[in-house]
Every structure is written in structure tokens, then in C-alpha cells.
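Number of protein chains: 2
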Amino acid sequence: MPTIKDVSKLAGVSVATVSRYLNKNGYVSQQAADAIAEVIDKLNYKPNNIARSLAGMKTATIALMVPDILNPFFPEVARATEDAANAYDYTLILCNTDNNPEKEQKYIETLIHKQVDGIIISSYTIKPEQLEHLQKRKIPVILMDNHLSGSSIVSLMSNNFNGGKLATEHLQNQGCRKIAHICGPIHITSSRERTNGYEVIAKQLDSFTPSLIAYSDFTVKGGYRAMQELIQKHPDLDGVFASNDLMAAGAIKALQKANLSVPTDVKVIGFDGIQMEMMSPEISTVAQPIYEIGKTAVDTLVKLINGDSIETYTQTFEVELQVKQSTSIQSK
Amino acid sequence: MPTIKDVSKLAGVSVATVSRYLNKNGYVSQQAADAIAEVIDKLNYKPNNIARSLAGMKTATIALMVPDILNPFFPEVARATEDAANAYDYTLILCNTDNNPEKEQKYIETLIHKQVDGIIISSYTIKPEQLEHLQKRKIPVILMDNHLSGSSIVSLMSNNFNGGKLATEHLQNQGCRKIAHICGPIHITSSRERTNGYEVIAKQLDSFTPSLIAYSDFTVKGGYRAMQELIQKHPDLDGVFASNDLMAAGAIKALQKANLSVPTDVKVIGFDGIQMEMMSPEISTVAQPIYEIGKTAVDTLVKLINGDSIETYTQTFEVELQVKQSTSIQSK
DNA sequence: ACGATATGTGTAATCGGTTACATGTAATTT
DNA sequence: AAATTACATGTAACCGATTACACATATCGT
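Just so you know, the protein sequences line up as chains A and B, in that order. Numbering-wise, my numbering puts 323 at position 276 of the first sequence, and it's gapless, one number per residue. Numbering-wise, my numbering puts 336 at position 289 of the second sequence, and it's gapless, one number per residue.
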């Protein structure tokens, strides 16, 4: 592979001039520029990233840390992020932490070490100290689907509260009178807010009682168990809002097992808007703009990397109600 | 961050000795080793990967190229690969190509350029020239779920032919007499072999006719459409083997729409063994050992990177029949 | 006892870039 | 016309490792 020296020799200039040309900083005459351009083209020269990085520049690499790539939500995030990163000629390192704080910590060390230019973190176990650690190392961080109060970390979140309200209102509009809720882990901000949204609406109904809320864990199995519990306590419920799509799917399984038909007997809505076209009935949901969030995360991260100023440290994205079969009025 | 110089100074030895100690090559006295170890510990020194790479060493980075991270098969692959890579202290770069040959080619160039130590490729559009290109650059490659005849590329594949037979035999054992097949893209080796497996068994049945095979594309929608077509042509079919789980899910949707019950009226089996617990009924499948394949891919790749010799260039993995609700005899 | 081999260590070149600094010329001010 | 300022380029130090080579000492075989 040709080096900058080869280029400089053939173009009859010094390496410094070539470097200036490449980085578009400092002065380079038109004449020199033309000569260099021609040689670069002829040799098909590409600067060596590694050498560049060593000389104090960026590594053109960002990392995406996700808690569980097997949860269909995160491949969608990964896909969006990867796309956007590519557009900036950044390479994306995938870090799957399995919700394991140790793995998380190990990754942070590794990434500092690999000198990634920035990190997008989606984690429910991350601690402020860890983020401060990264900031000390001057590595920009974007927090996704999470928010640490008081810190000066950029965080991106959907309007979960509003989404919770939307979902519950929708069930109400579809004629549900007794609406249960399967909530996600309570230590997760976004999860809590969805539940808050539910409560605001559900409490307006006479039927409301705290035992209409079942606590679960964002998994299919968890949703299944929570639904069984709800059926037992409230055999007459006619609507369920699950805080994510996976739990909604679990809930539907439990309902079908109990010979309750969805949507005829009970209507079910989820949250997230992940691709689940394989389901039947297809699940109504409150969709997050996942692609947009991923893209914005990268856009903002790149700004931080380049030292540009950021307007807002907390960005909220609007969610969208997507009505599918699981809440339609005319039963399928 | 401390450098090798800091360590050498504090330990009272030269940088060469420290480097020898770190790489366990050349001679280092016990005394020097102890001193160095202590200083490294005290400073929490970690060698700078970038400098290392520049000095001709490896980048400790491997890439995983997948056609579509949104297809649940690939997050599972990614997860396995990432796990294994981690165990070797390698970092994993994720490359999502969207089945787009141009993106693929662009990624190959980028990866060569980033000097990744090796690449695991899962692609149905990759061309032998591209792999040769990589080999010329001395970058080891592992081909996953694909096989290019005649080339000296390591390739890993499940026993698709056997899997196709297993699936079809299973349907037969469950009492199916007229078994249809939804096949995947015919230009994909693994897909063709599954279909071959089906044919061997299905042709033993009197009911067999070529129009029992519907051609599709590995997607849920594709499976749905193919199933509709099959129902039309063969209203009396009682078993369907779909070449992957997504198409099986699509088929089930189509059957339910046509008021045919799964598994009572028609039994359905898929292929892959991806996590689809959200389905109801849960889908029987011929499971590939995805985790093992991913791990083997990394193990083998690391061997190639280290210049170790490889025994077999084509490795086949056995598949396993997983019976779930969609083919059980006692209807749920 | 003496060359050969094994052990241990340091100096300096190298990987392929970036960039501070020196230097020189051309254009602009005053 | 002298003093600035803008433009243009090259030399060489530097980023943080690896490693060829030179050199020194210890151990060994005969």
C-alpha cells in the first residue's frame, strides 16, 4: 500500500504539504493541490487510519453499547446507528452487555483503550461515575432511552409518558372499560414514565384499582406470567397496555391459553413499535421513532466529537400510535 | 495515560525489555520481570493498541458482516460472535449490508483499510473475487452459512440437507400425508439443500407433486404469500415445511386467516431455531447450533490470524429437531 | 581452558501519519 | 520604501509501541 511519502515524492512536494492537503488545513497552492490529487488518484492512496490515530487524531470509530441484542428493539437501534455512522465514515463497534454491569465496565475500559471517538450507550445499569469516567477521558457519550438527572450528558428519550397516555386512551376509545397494565422494571426511567401515563388515564375510570398493574420485566415470559396473574385477579378485564411489545406478545399468549380471544374479549397494546409482523394477531403499539433516534444519536455524537456546541442536552421524541389487529373493534 | 516509557523508567529497564516482557518473546530475567510487573500494576499500564497496530502488530479487531441485522437470525449470530470475540480480547465491528452488494464492497474496502485482523462474512451476494481480494491482502476470512465451491476459504454450514429431511420426516411422523414446502431463494446454497432434503422424503409420498413447492424469499410476508398460494392449489394439504422460521410464521398467519387451525388442520415446521417465543402457537423448527457456529467461526478465525494451520476448510454442523406446538399431535 | 551457545539488556530505526517551527516570497499597509 | 501580513513549503520532532542488532555475561561441552 502506498504511503504519504510515496505521494509526496511523486508529487514533488513534502509530506507536510500532502498532509495539509488531506486535512484541508494550512496553505496549499493550487498547483501543489492538483499534483497531489493526481498522484493520489493514480496510486489509489488512502491515508492509514492507524497512523493517523497514533498521531493524535481520531480513530473514526464509535461504539454502540446495548443491553441485549437478542431483544428485537436493539437490532433496530443498531441498524439505524450503523447506517448513520456509515454516512459519516465512522465504523461501529457493537458491545452487547447482557445487562451485566461487569461486562459493561469491562467494555468501557476496552473502549477507552481502543480510543473510540465516542460511545452511544443504552443501558439500565450504567452509573453516573462510569459516565464521568468517560468524560474525564474526553470521550463523548450519548445516553439512549435513559436519563441521568443532573448530569451534563446528552440523553435521547421518547415521550414515554405521553405514549403511556396514548396507549391507554386508545384502549378506552376502543371500548375497554377495565384496563390492566403490565409494567416494565420500575428502576428504568422510561418504563416508569409509561406507567405514569397509564395511571393518569386509567385512574379516571371507575374500574381502576392498583392491582390492575402487574410488575414485569420487558420479556415475553414475563409478560406471559404477568398476564396470567392479571386474569386471575381480574377475569373481567377487557384491555391491557403492556409497556413493551415483547410483554404484549407474552400477554396475548397467556390470554389465548386462557381461551380469551384477542381482540374480541380483551384488547392488547404494546410499546416500542418493533417489527413483529410474524405475530397474529399483529400487535397494536405505541411506536418510538427508533430509526430517527439512532440517527440523531450519531448526528449528535459526531457534533460532540468535532467539538461543536450542542443546543439541548435532553432530547425528547414524539411517539406514534399504531393500530393493528390486537385492538381493532371489528374482530378479525 | 502511562506509556511504555514510563514503565521502563520506573522499572529501571529499557523499553525493549518491557516490550519483550509484554509480548513474552525474547529473554527477560526474573528480576526484571518482577520489577516490570510491579510498575505495570502500580501505573495500571495498558499497552496502546493503536501504537501496537502501527508497529506492525494486529489491530485486535474482527468484523462481522451480516446481510440484515433485522432478521432475528443475525442478532443471534452477532451475539455468539461477540461473546467469542470478547473471550479472545477482540473487538467486533458490525457491518450490516442490507443485502446490498455495493455496501458490501464498500465495507470490504473500509475493513481492509482499517486493517481488521479478520472477517466473518455471512452474505449471499458475495463473489469469489471479493474474497480473493481479501486473501491477497492477507486478511483471513470465514464464510458463514454459505459455501463457494473450489475456493480455499473456510466455510461453516449447518447440515441443511439433513435438516430438510428431518423436518419433512417429522411432519410425516405426526401424521401428515400431503406435505407442502415453502422454499427460500434458490440461489442460496443452504436454502437449496433444505429443499433437496424435503424432496427426498416428500417424493416417497403418493401425494407428492412439484406444485407442492412454493418459492419464496425468507421473509414473513413472503411466507404468507407462498402459503396463500399453496392453500389455493392444495386445499387438502396437512403439513408445511418452511425453509426458515420467518416464513413459517408467515405461513401460520396465512393459515389462520384462511380459518385453518395450526396444528389441528395443518402442521407447520420452520428452520433455524431462532428465538420466537412470542409466537403462539410456538413454532416447531430444525434448529441450527447458532451459538456454536458463531463461536467456531471466531475460534477458527483466530487460528487463521495466528497463522495456525486449519484441519478442515469446510465444517458442517448437525441440526436438531425442536418440536413445539405447531406440529404437536394433541391439538392445544 | 576456550570457543560455542544460551541468557539478558539497551540503542535506535521503524511503522505512517500530524504539526510546530523556520524560512521564504508575494501582496498590502501606511 | 519599509513594515506588515498573507501565502506556501519543507524539516524534523512526535505519537507509543515493536524489533533488528550490538553487546555483555553466564553456562556448557570437550
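Quick reminder that beta carbons are idealized off the backbone N, C-alpha and C, glycines included. Keep in mind the model is a prediction, meaning the values are calculated, not measured.
I need the straight-line Cα distance from Thr144 of chain A to Asp81 of chain A, nearest angstrom please. 49 angstroms
If you draw a straight line from the C-alpha of Ile159 of chain B to the C-alpha of Ala98 of chain A, how long is it? About 15 angstroms.
Nearest to Asn353 of chain A (by Cα), restricted to the options A:Thr106, A:Arg67, A:Ser76 and A:Val86: Of the listed residues, the one whose Cα sits closest to Asn353 of chain A is A:Thr106.
Let me confirm a value: Asn306 of chain A is counted as buried when at least 16 other C-beta atoms fall within 10 Å, else exposed. Which label applies? Counting Cβ neighbours within 10 Å, Asn306 of chain A comes out exposed, since fewer than 16 surround it.
Mind listing which residues of the segment 267-285 of chain A have their C-beta closer than 8 angstroms to chain B's C-betas, in chain order? Val267 and Lys268
In three-state terms, what does DSSP make of Gln275 of chain A? helix
Taking C-beta pairs closer than 7 angstroms, name the residues in chain A that Lys93 of chain B reaches, listed in chain order. His160
Ile116 of chain A versus chain B: which residues are under 9 angstroms apart at the beta carbon? In chain order: Ile116, Pro122, Glu123, Ala125, Arg126 and Glu129.
How is Tyr262 of chain B classed by DSSP in three states: helix, strand or coil? In the three-state reduction of the DSSP assignment, Tyr262 of chain B falls in the strand class.
Verify the CB distance criterion: does Lys300 of chain B have a CB-CB separation below 8 angstroms to chain A? yes
Hey, how far is the Cα of Ser199 of chain B from the Cα of Asn91 of chain B? Going from the Cα of Ser199 of chain B to the Cα of Asn91 of chain B covers about 43 angstroms.
Is it true that the segment 293-302 of chain B meets the segment 347-361 of chain A, where meeting means three or more beta-carbon pairs spaced less than 8 angstroms apart? no
Could you tell me whether the Cβ of Ile337 of chain A comes closer than 8 angstroms to any Cβ of chain B? Not closer than 8 angstroms to any Cβ of chain B, the Cβ of Ile337 of chain A fails to qualify, so no.
Who pairs with Val315 of chain B in a beta bridge, going by DSSP? B:Val287
Looking only at its own chain, which residues have a Cβ that is under 8 angstroms from the Cβ of Gln152 of chain A, when we skip the five neighbours before and after it? Sequence-distant Cβ neighbours of Gln152 of chain A in its own chain, meaning closer than 8 angstroms and more than five residues away, are Gln177.
For Cys223 of chain A, the residue or residues it bridges with in DSSP: Beta-bridge pairing links Cys223 of chain A to no other residue.
Going along chain A in order, which residues have a C-beta closer than 8 angstroms to the C-beta of Ile357 of chain B? In chain order: nothing, as chain A lies at least about 26 angstroms away.
Interface residues of the segment 64-94 of chain A facing chain B [CB-CB below 8 angstroms]: Lys93
Simplified DSSP state of Ala305 of chain B, which is helix, strand or coil: coil
Whole runs of the alpha helix (DSSP H) within the segment 159-187 of chain B, excluding any shorter than 4 residues: 175-183
Just checking, does the segment 214-229 of chain A make contact with the segment 189-197 of chain A on the three C-beta pairs under 8 angstroms criterion? no
Does any residue of chain B bring its CB to less than 8 angstroms from the CB of Ser378 of chain A? Low local confidence applies: a pLDDT of 42 at Ser378 of chain A is under 50, so the model's placement there is unreliable, and no value is given.
Ser198 of chain A in three-state terms, based on DSSP: coil
Which of helix, strand or coil does DSSP assign to Glu367 of chain B? In the structure shown, Glu367 of chain B sits in a strand (DSSP, three-state: E or B).
Under 8 angstroms between C-beta atoms of Val247 of chain B and Lys225 of chain B: no
Tell me which residue opens and which closes the alpha helix (DSSP H) that Val60 of chain A is part of. Run containing Val60 of chain A: none; DSSP gives neither H nor E here.
Is any beta-carbon of chain A found at less than 8 angstroms from that of Ala305 of chain B? No, its Cβ sits nowhere closer than 8 angstroms to a Cβ of chain A.
Beta-carbon contacts of Ala289 of chain A that lie in its chain and below 6 angstroms, excluding the five residues immediately before and after: Ile229, Gly270, Ala295, Ala298 and Gly317
Residues within the segment 223-240 of chain B neighbouring chain A, beta-carbon criterion of under 7 angstroms: none
Is the Cβ of Met323 of chain A closer than 8 angstroms to any Cβ of chain B? yes
Rounded to whole angstroms, what's the CA-CA distance from Asp88 of chain B to Ala134 of chain B? Just pull it up for me. 22 angstroms
Cβ pair count under 8 angstroms reaching 3, the segment 241-259 of chain B against the segment 334-344 of chain B: no
Leu293 of chain B in three-state terms, based on DSSP: helix
Could you check the C-alpha separation between Asn72 of chain A and Ile83 of chain A for me, to the nearest Å? 15 angstroms
For Val113 of chain A, which three-state DSSP category applies? strand
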